[in-house]
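Undergrad: For reference, the structure I am asking about is given below.
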Amino acid sequence: MSKVLMLGNEAIAWGAIAAGVNVVSAYPGTPSTEVFTTLAEHASEYGYYAEWCVNEKVALELAYGAAISGARSLVSMKQVGLNVAADPLLSGTYLGVKGGLVLVVADDPGPHSSQTEQDTRHFAAFAKVPVLDPSDPQEAMAMTMQAFDISEKYHLPVIIRPTTRVCHAGQDVDMPLVSPVSIQAHFEKDDWVIFPPVSYRKHGELLKTLDELGQCFCDSEFNYIVGENPDRDYNEGIICSGVSYQYVAEAIKRLDLDLPLMKIGTPYPFPDNIVLDFVKNKQHILVVEEQDAVVEDHLLRLLGINGLAVCVSGKLDHCVSGVGELNVNAVEEAICRWQGREPVTSVTASKPELPVRTPILSAGCPHRASFYAIRKAAGKKSDIVFTGDIGCYTLGMMPPLSAVDTCLCMGAAITQAQGIGRAEPGRKSIAVLGDSTFYHSGLPGVVNAVYNQYPLTLVVLDNSTTAMTGFQPHPGTGITAMGEAVEALNIESVLEGFGVRWYKTVDPGDLDLAVQTVREALAYDGVSVVIMKSPCVNLPSVNKERKPIRIIAEQCKECGLCVTEIGCPALVGEKGKLPLVMDTCVGCGLCKAVCPFDAIEGGNA
Amino acid sequence: MDIIMCGVGGQGTVLASRAIGDAAIRDGWQVRTSEIIGMAQREGSVVSQVRIHRQPVGPLIPDGSASVLLGFELAEAVRHIEKADPDASIIINTQTIVPPSVYLGVSQYNIETLRSYVQEYCRAPVFIDALEIARQAGSIKAVSAVMLGAFAAANQEIKTDLIMEELLNKLPVKLHDLNKQAFRLGKEYVEG
């Protein structure tokens, strides 16, 4: 077997291929995206089907349909995607599956690129779905392969829950044996209708199965103890779950401690008996896990049921932080706090002030022009609310654009604006969302606005891709995940069908026209939609021939407006100095439209 | 050996960390890397960690443990400098990428203060104008090849040829000569 440097997400994908997966679906979202992109890349070669779906609910329902027909199916998403897919998951676990169904749900403690730090292990327990919690890419691969077997043996969907430091961690992983598959599924008309009396019966069966599976997990290779000398009695021990295992193992070594460490890879259903065995003769247990106190909660219940007097430290007594990611240093501090020892703190000299470097819209990003046009149309003194959404364009909240006042979840730009209008009659909103988000969950909001007579202006930023997560296709792009060219949907036809009577498409690069169009839309009494259509500058298919702009020194009055009005990273300088054009300038020309002295020339426009 | 690489999204830290990781595997090491992929790649602050050991380790480098710091940008090098051992090989590209927050007056970028902080923190930092060297090699996009060349000169664990080969494996053939040249110039600069 050859060693290959693989990200955890790639390892999960290869695990699925090795398990002979037949149908794969997903909606992109950091940190999960590369699970599906790796699978899509190899779909034709290994004979399975891969599809980017419009949202996570659709993706899970598709995978579930395939699984009840007997196919091995995998669906991947980020943690908040599971909120969208909650409905089919909770019913699906009652009805069960025939072919293995594996959900890869990536959690993002930190969070680095998410709205919440929600814990999918908790979600799994709530949904009564088994969950496996990998500690590194190699284990994530092994868990994926085994998850299909567990799913088929117990007729349940199974969740793999990697976190960012497993998804985007690389490891020298053993490449598994893989060979092409063919789909041999057949849908049998059986027990697939969820219905109250059926639910009652299925719920009872489910509880029984979960008890059985909890027993079975006691023998799982993913749960083990390290550092326990059988000739010694220990008063103390540590239990951990997921990637925290790596940090704890390293911290114990660095602190030179003789402490047994139990690693739990199957947090639900909980492997009660092996944990009881580990804790029963100890007085103090520290639980180290990221996000919620899932293992800790379960351990406390277990101690109560069994009448055992063991002190448990972790998140509930604030020994381990309840927010953000863990790391070796944080774990060392937690262990010292728990043992009542002097904490190991690294002494660092106070650092000089560092420049604030938040992510920003790229140089030449069409969203910058769109936001500038929206602000200009709204007017400087307007109190219009800009309801925003999830995507690169959430970055429109940053100054100087400051054109995003709200962001809640996918699709909420349109519907939040409706609530604001009802609560404060007469207060105008402009809802802004991207093309992929429009198809993901913007559609019901538009229907609601039309039917319930909202005077709402919606701006769809159509950059012909799902940009933030790395250019995945969507129904407006005319290409599928497997590279097949298909007829693209167009937003205008969708709006027409929904009964929207005022909509216009404009290129935000034509700033004057874009401003005028938004003004017209604002004046319309009803649902009005402006589609700002211009492809993402980072799309590989976009012409990369750059014609940067030039500053005409003789005409420049050094007012600094071109820098402070639009915040383009390719244009730097300050008032009283000639602005500098950076190498990243693509020549979009937005700065030309902003300059009051015609002191900028060149560019593509 | 723990290596921390920090820079600005788009500078090629992910490419460089993969090249080092792949080269180390071919040289028989166990490798762990950690990247930040996603929103930060939009010109935000990015950091890649590569850990090359004989025993398994976790994905994140503890403070003060990195024996090499490759700073692709001055301020970003300072942002993560506490990951490095003061005796580490600290190689910092003198290129500065000033974020809009500075022009909008909400933060500062003081080159002299940052440089003297680096000199205070560690014994022997190497400052390298990787952007200019990349330009000499033929393209300002070859900064990460220059930095990899500098890394090759500063480390004893991984063979130089393997690092260069793994870099080239990740690039289209038409960019090979340019990147070879950039790699060589980066290496020569550090070797003096």
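The listed protein sequences derive, respectively, from chains A and B.
Using my numbering, the first residue of the first sequence is number 1, and each one after it goes up by one.
Using my numbering, the first residue of the second sequence is number 1001, and each one after it goes up by one.
Ideal placement from N, C-alpha and C gives every residue a C-beta, glycine not left out.
Just so we're clear, the structure is a prediction, and the values are computed from it rather than from any experiment.
Are the beta-carbon atoms of isoleucine 239 (chain A) and isoleucine 264 (chain A) separated by less than 8 Å?
TA: Position 239 of the first sequence holds residue 239 (chain A). Position 264 of the first sequence holds residue 264 (chain A). The answer is yes: Cβ separation under 8 Å.
Undergrad: For the beta strand (DSSP E) that asparagine 1093 (chain B) lies in, which residues bound it at each end?
TA: The residue given as residue 1093 (chain B) occupies position 93 in the second sequence. Taken as a continuous stretch (DSSP letters only), the beta strand (DSSP E) holding asparagine 1093 (chain B) covers 1084-1093.
Undergrad: Tell whether a beta-carbon distance below 8 Å holds between isoleucine 1061 (chain B) and arginine 1054 (chain B).
TA: As a first step, residue 1061 (chain B) is located in the second sequence; it is residue number 61 there, counting from the start. As a first step, residue 1054 (chain B) is located in the second sequence; it is residue number 54 there, counting from the start. No, they are not a contact pair.
Undergrad: Is the Cβ of serine 1144 (chain B) closer than 8 Å to any Cβ of chain A?
TA: Against the second sequence, residue 1144 (chain B) aligns to sequence position 144. Taking Cβ atoms only, chain A never reaches closer than 8 Å to serine 1144 (chain B), which makes this a no.
Undergrad: Per the DSSP calculation, leucine 259 (chain A) is bridged to which residue(s)?
TA: Here the question's residue 259 (chain A) lines up with position 259 in the first sequence. Looking at the DSSP assignment, leucine 259 (chain A) forms no beta bridge with any residue, so it has no partner.
Undergrad: Under 8 Å, do asparagine 83 (chain A) and histidine 440 (chain A) count as touching if we go by C-beta distance?
TA: Residue 83 (chain A) sits at position 83 when you count from the first residue of the first sequence. Residue 440 (chain A) sits at position 440 when you count from the first residue of the first sequence. Contact: no.
Undergrad: Give me the Cβ distance between lysine 577 (chain A) and glutamate 565 (chain A), rounded to the nearest whole Å; I'm assuming they're in contact under 8 Å.
TA: To locate residue 577 (chain A), count along the first sequence from 1; it is residue 577. To locate residue 565 (chain A), count along the first sequence from 1; it is residue 565. Going by Cβ atoms, the distance from lysine 577 (chain A) to glutamate 565 (chain A) rounds to 16 Å, so no, they are not a contact pair.
Undergrad: Given a cut-off of 8 Å on the beta-carbon distance, is the pair alanine 1154 (chain B) and glutamine 1181 (chain B) in contact?
TA: Against the second sequence, residue 1154 (chain B) aligns to sequence position 154. Against the second sequence, residue 1181 (chain B) aligns to sequence position 181. Not in contact: alanine 1154 (chain B) and glutamine 1181 (chain B) (Cβ atoms no closer than 8 Å).
Undergrad: Listing by chain order, which chain B residues have their CB less than 8 Å from the CB of lysine 3 (chain A)?
TA: Numbered from 1 along the first sequence, position 3 holds the residue referred to as residue 3 (chain A). Correct list: Ile1025.
Undergrad: On the criterion of 16 or more Cβ atoms from any shown chain inside 10 Å, does leucine 207 (chain A) qualify as buried, or is it exposed?
TA: Translated into the one-based positions of the first sequence, residue 207 (chain A) becomes position 207. When all chains shown are included, leucine 207 (chain A) counts as exposed.
Undergrad: Spatial neighbours of alanine 975 (chain B) within its chain, please: CB distance less than 6 Å, with the 5 preceding and 5 following residues excluded, ordered by chain position.
TA: Here chain B comprises residues numbered 1001 to 1192, so residue 975 (chain B) is not present and cannot be evaluated.
Undergrad: For arginine 1123 (chain B), which of B:Tyr1109, B:Leu1104, B:Val1106 and B:Ala1084 has the nearest alpha-carbon?
TA: Residue numbering aside, residue 1123 (chain B) sits at position 123 when the second sequence is read from its first letter. Among B:Tyr1109, B:Leu1104, B:Val1106 and B:Ala1084, the Cα nearest to that of arginine 1123 (chain B) belongs to B:Ala1084.
Undergrad: Quick one: which chain A residues come within Cβ less than 8 Å of serine 1101 (chain B)?
TA: By one-based count along the second sequence, residue 1101 (chain B) stands at place 101. In chain order: Pro355, Val356, Arg357 and Thr358.
Undergrad: Taking the straight line between their C-alpha atoms, what separation do you get for valine 1046 (chain B) and glutamate 1082 (chain B)?
TA: Taking the first residue of the second sequence as position 1, residue 1046 (chain B) is located at position 46. Taking the first residue of the second sequence as position 1, residue 1082 (chain B) is located at position 82. If I take the Cα positions, the gap works out to 15 Å.
Undergrad: So is cysteine 568 (chain A) buried or exposed if we call it buried at 16+ other beta carbons inside 10 Å?
TA: Numbered from its first residue, the first sequence carries residue 568 (chain A) at position 568. So cysteine 568 (chain A) ends up on the buried side.
Undergrad: Would you list the one or two residues that DSSP bridges to lysine 78 (chain A)?
TA: One-based indexing of the first sequence puts residue 78 (chain A) at position 78. Looking at the DSSP assignment, lysine 78 (chain A) forms a beta bridge with A:Ala106.
Undergrad: For the beta strand (DSSP E) containing histidine 203 (chain A), name the first residue and the last one.
TA: The residue given as residue 203 (chain A) occupies position 203 in the first sequence. Element bounds for histidine 203 (chain A): not the beta strand (DSSP E) but the alpha helix (DSSP H), 196-217.
Undergrad: From A:Ala378, A:Thr209 and A:Val447, pick the residue whose C-alpha is nearest to that of lysine 428 (chain A); which is it?
TA: Within the first sequence, residue 428 (chain A) is the residue found at index 428, counting from 1. Per the Cα distances, A:Ala378.
Undergrad: Going by other Cβ atoms of all chains shown within 10 Å of its Cβ, with 16 needed for buried, is asparagine 1169 (chain B) buried or exposed?
TA: Taking the first residue of the second sequence as 1, we reach residue 1169 (chain B) at position 169. Per the 10 Å Cβ criterion, exposed.
Undergrad: In chain order, what residues of the same chain have a beta carbon less than 7 Å from the beta carbon of glycine 526 (chain A), not counting five sequence neighbours either side?
TA: Indexing the first sequence from 1 puts residue 526 (chain A) at position 526. Excluding positions up to five away in sequence, the list reads Pro455, Arg501 and Trp502.
Undergrad: Check whether the Cβ of glutamate 342 (chain A) lies closer than 8 Å to any Cβ atom in chain B.
TA: On the first sequence, position 342 is the one that residue 342 (chain A) refers to. Not an interface residue.
Undergrad: I'd like the span of the alpha helix (DSSP H) that includes tyrosine 372 (chain A), first residue to last.
TA: To locate residue 372 (chain A), count along the first sequence from 1; it is residue 372. From DSSP, the alpha helix (DSSP H) with tyrosine 372 (chain A) extends over 366-378.
Undergrad: Rounded to whole angstroms, what's the CA-CA distance from glutamate 333 (chain A) to arginine 121 (chain A)? Just pull it up for me.
TA: For the purposes of this step, residue 333 (chain A) is taken as residue 333 along the first sequence, with counting starting at 1. For the purposes of this step, residue 121 (chain A) is taken as residue 121 along the first sequence, with counting starting at 1. So the alpha carbons of these two residues sit roughly 25 Å apart.
Undergrad: Any beta carbon from chain A within less than 8 Å of threonine 1113 (chain B)'s own beta carbon?
TA: The count along the second sequence starts at 1 and reaches residue 1113 (chain B) at position 113. Output row for threonine 1113 (chain B): interface = yes.
Undergrad: Less than 7 Å between C-beta atoms, sequence neighbours within five positions excluded: which residues of the same chain meet that for alanine 63 (chain A)?
TA: Counting from 1 along the first sequence, the entry for residue 63 (chain A) is found at position 63. Taken in chain order, the residues that qualify are Val23, Ser25, Ser73, Leu74, Val75 and Leu101.
Undergrad: Taking any Cβ of chain A, which residues in the segment 1069-1102 of chain B have a Cβ under 7 Å from it, in chain order?
TA: Hits within the stretch, in order: Ala1075, Val1078, Arg1079, Glu1082, Val1098, Pro1099, Pro1100, Ser1101 and Val1102.
Undergrad: If we ignore side chains and look at the alpha-carbon of each, how far apart do threonine 38 (chain A) and tryptophan 14 (chain A) end up?
TA: Against the first sequence, residue 38 (chain A) aligns to sequence position 38. Against the first sequence, residue 14 (chain A) aligns to sequence position 14. Their Cα atoms are separated by approximately 8 Å.
Undergrad: Give the secondary structure of aspartate 1177 (chain B) by DSSP, where H, G and I count as helix, E and B as strand, and everything else as coil.
TA: To locate residue 1177 (chain B), count along the second sequence from 1; it is residue 177. DSSP places aspartate 1177 (chain B) in helix when its eight states are reduced to three.
Undergrad: Under 7 Å between beta-carbons, which chain A residues line up against glycine 1021 (chain B)? List them in chain order, please.
TA: Position 21 of the second sequence, counted from the start, is the residue given in the question as residue 1021 (chain B). Going along chain A in sequence order, the residues near glycine 1021 (chain B) (Cβ under 7 Å) are Leu5 and Gly170.
Undergrad: Taking the DSSP output, what are the residues bridged to glutamine 1049 (chain B)?
TA: The sequence position of residue 1049 (chain B) within the second sequence is 49, counting from 1. Answer by DSSP bridge pairing, in chain order: B:Ile1004 and B:Ser1034.
Undergrad: I'd like the span of the alpha helix (DSSP H) that includes glutamine 171 (chain A), first residue to last.
TA: Counting from 1 along the first sequence, the entry for residue 171 (chain A) is found at position 171. Note, glutamine 171 (chain A): premise wrong, no alpha helix (DSSP H); beta strand (DSSP E) at 169-174.
Undergrad: Taking the straight line between their C-alpha atoms, what separation do you get for glycine 364 (chain A) and glutamate 236 (chain A)?
TA: The residue given as residue 364 (chain A) occupies position 364 in the first sequence. The residue given as residue 236 (chain A) occupies position 236 in the first sequence. Going from the Cα of glycine 364 (chain A) to the Cα of glutamate 236 (chain A) covers about 58 Å.
Undergrad: Provide the residue(s) that pair with isoleucine 479 (chain A) in DSSP beta bridges, ordered along the chain.
TA: The residue labelled residue 479 (chain A) in the question sits at position 479 within the first sequence. DSSP, once it has assigned bridges, lists A:Ala485 as partnering isoleucine 479 (chain A).
Undergrad: Taking only beta-carbon positions, decide if asparagine 329 (chain A) is within less than 8 Å of chain B.
TA: For this step, residue 329 (chain A) is matched to residue 329 along the first sequence. Chain B, which has a Cβ nearer than 8 Å to the Cβ of asparagine 329 (chain A), makes this yes.
Undergrad: Given that a residue counts as buried once 16 or more other Cβ atoms are within 10 Å of its Cβ, and exposed if not, what is lysine 376 (chain A)?
TA: Numbered from its first residue, the first sequence carries residue 376 (chain A) at position 376. Classification of lysine 376 (chain A): buried, given that the 10 Å Cβ count is 16 or more.
Undergrad: Could you check whether the Cβ of serine 246 (chain A) sits closer than 8 Å to any Cβ belonging to chain B?
TA: Translated into positions along the first sequence, residue 246 (chain A) becomes position 246. Residue identity check: residue 246 (chain A) is glutamine in the sequence provided, not serine. For glutamine 246 (chain A), the answer is yes, since a Cβ of chain B falls inside 8 Å of its Cβ.
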